[in-house]
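For reference, the structure discussed in these notes is given below.
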Amino acid sequence: MDQLAIADRRQLRRKLGFWRLVAIALVLCAGIAVYLYSSGGQAGAFARPHVARIDISGIIQDDRELVERLDRIAENDAVKALVVTISSPGGTTYGGEVLFKAIRKVAAKKPVVSNVRTLAASAGYMIALAGDRIIAGDTSITGSIGVLFQYPQIKDLMDKVGVSLEEIKSSPLKAEPSPFHPPSEEAKAVIQAMIDDSFNWFVDLVADRRNLPRGEALALADGRIFTGRQALGLKLVDELGGDDEIRAFLEKRDVGKQLPVIDWEAPSNSLPFGLGSAAAAWVKSLGYEAFPLLGHVENLGREKLFLDGLVSVWQVGKD
5 MDQLAIADRR QLRRKLGFWR LVAIALVLCA GIAVYLYSSG GQAGAFARPH
55 VARIDISGII QDDRELVERL DRIAENDAVK ALVVTISSPG GTTYGGEVLF
105 KAIRKVAAKK PVVSNVRTLA ASAGYMIALA GDRIIAGDTS ITGSIGVLFQ
155 YPQIKDLMDK VGVSLEEIKS SPLKAEPSPF HPPSEEAKAV IQAMIDDSFN
205 WFVDLVADRR NLPRGEALAL ADGRIFTGRQ ALGLKLVDEL GGDDEIRAFL
255 EKRDVGKQLP VIDWEAPSNS LPFGLGSAAA AWVKSLGYEA FPLLGHVENL
305 GREKLFLDGL VSVWQVGKD
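Going by this note's numbering, the sequence shown opens with residue 5, and the numbers climb by one from there.
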């Protein structure tokens, strides 16, 4: 191949590369435009009178974004009521406490209904207590009032593999309990006192919000779970039902049935309609492996889940 043909091929390759980049830019710009347009439409919907709805599902943690969202709902005059749907086995006790208080701030300004769906146990039930009315399904699972502290114990494993740990600390209770040796009776007493204090706070919350004598609330706080029908009989929920019952309650609070229910969702960290992953796949098909970040567009904002400290969570199969 002569030099002229080689030069022509290189020039053609450069032109193709340029137009590929232009096409990629156009797709990304189109995605951003659609995203901005849909966000603008959502903002317009939030400006009209409506009933806000938030969904709390999975493991409950200290969720700052959700707390800020609840604060915006409380301050938005267009929001006439709030529906909190809950499908959660619980989570950290502190996470439940923070969300309970944030929802009560909303309830100070507008009606709030807690909708117990499949499961609202432990910290999930704690959050449900924040509603002015708790509505559950006949077979919903709720309750599991209590506090738990867990830590691993790997001393036997270390002994088997011949590994030991030496430690020097300022006092016997520093860094206790430890996974590297069984806790002393003094350490157990300290942890138990901490658990008892948080548990008593939880029981007082149940007694206050459900208008129960503390003795009755304490009798129900042995970690048991209940169906919605059982919980109704024990006064842990107010009513069995779903959307119709929620609307009927809100109507009694002067929130008209004609108002739309709008989901206040967490902001998305990726382009809409899967455009992020689609663009990444298309770019890769064009041979542009030099853009590795595009392959992770759909993974932005994902974090590993860790639970630490005191937890209020329902655990299945625990002996």
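Even for Gly, the Cβ is constructed at its ideal location relative to N, Cα and C.
With fewer than 16 other CB atoms across the displayed protein chains lying within 10 angstroms of its CB, Q154 is exposed. For V167, there is no enclosing alpha helix (DSSP H), since its DSSP letter is neither H nor E. The C-beta distance from A85 to V259 rounds to 5 Å, short enough to fall under 8 Å. A straight line joining the alpha-carbon of R108 with that of S118 spans about 11 Å. Going by DSSP, F230 is part of the beta strand (DSSP E) stretching over I229 to T231. With a minimum length of 4 residues, the unbroken runs of alpha helix (DSSP H) contained wholly in the region 122–150 fall at 127–132. Of the candidates T97, L70, A82 and Y98, the residue whose Cα lies closest to the Cα of V88 is L70. Taking C-beta atoms under 8 Å as the contact rule, T146 and L240 qualify, at a distance of about 6 Å. Inter-residue distance for L152 and Y98 is about 12 Å (C-alpha atoms, whole angstroms).
Where G100 is concerned, the enclosing alpha helix (DSSP H) starts and stops at T97 to A111. The region 124–141 makes contact with the region 227–235, as at least three CB pairs between them are under 8 Å. The alpha carbon of E171 has as its nearest neighbour, out of V165, D163, S182 and G95, the alpha carbon of S182.
Counting of Cβ neighbours within 10 angstroms places D242 among the buried residues, the total reaching 16 or more. Contact between the region 133–144 and the region 202–216 is present: 3 or more CB-CB pairs across the two stretches fall below 8 Å. In the structure shown, V241 adopts coil according to DSSP, grouped into three states. DSSP, read as helix, strand or coil, puts I28 in helix. DSSP, read as helix, strand or coil, puts R251 in helix.
The distance from the Cβ of M198 to that of F184 is about 21 Å, inconsistent with a contact at the 8 Å cut-off. Taking 7 Å as the cut-off, the beta carbon of V116 is found no closer than this to the beta carbon of I77.
In the DSSP assignment, V265 is bridged to V55.
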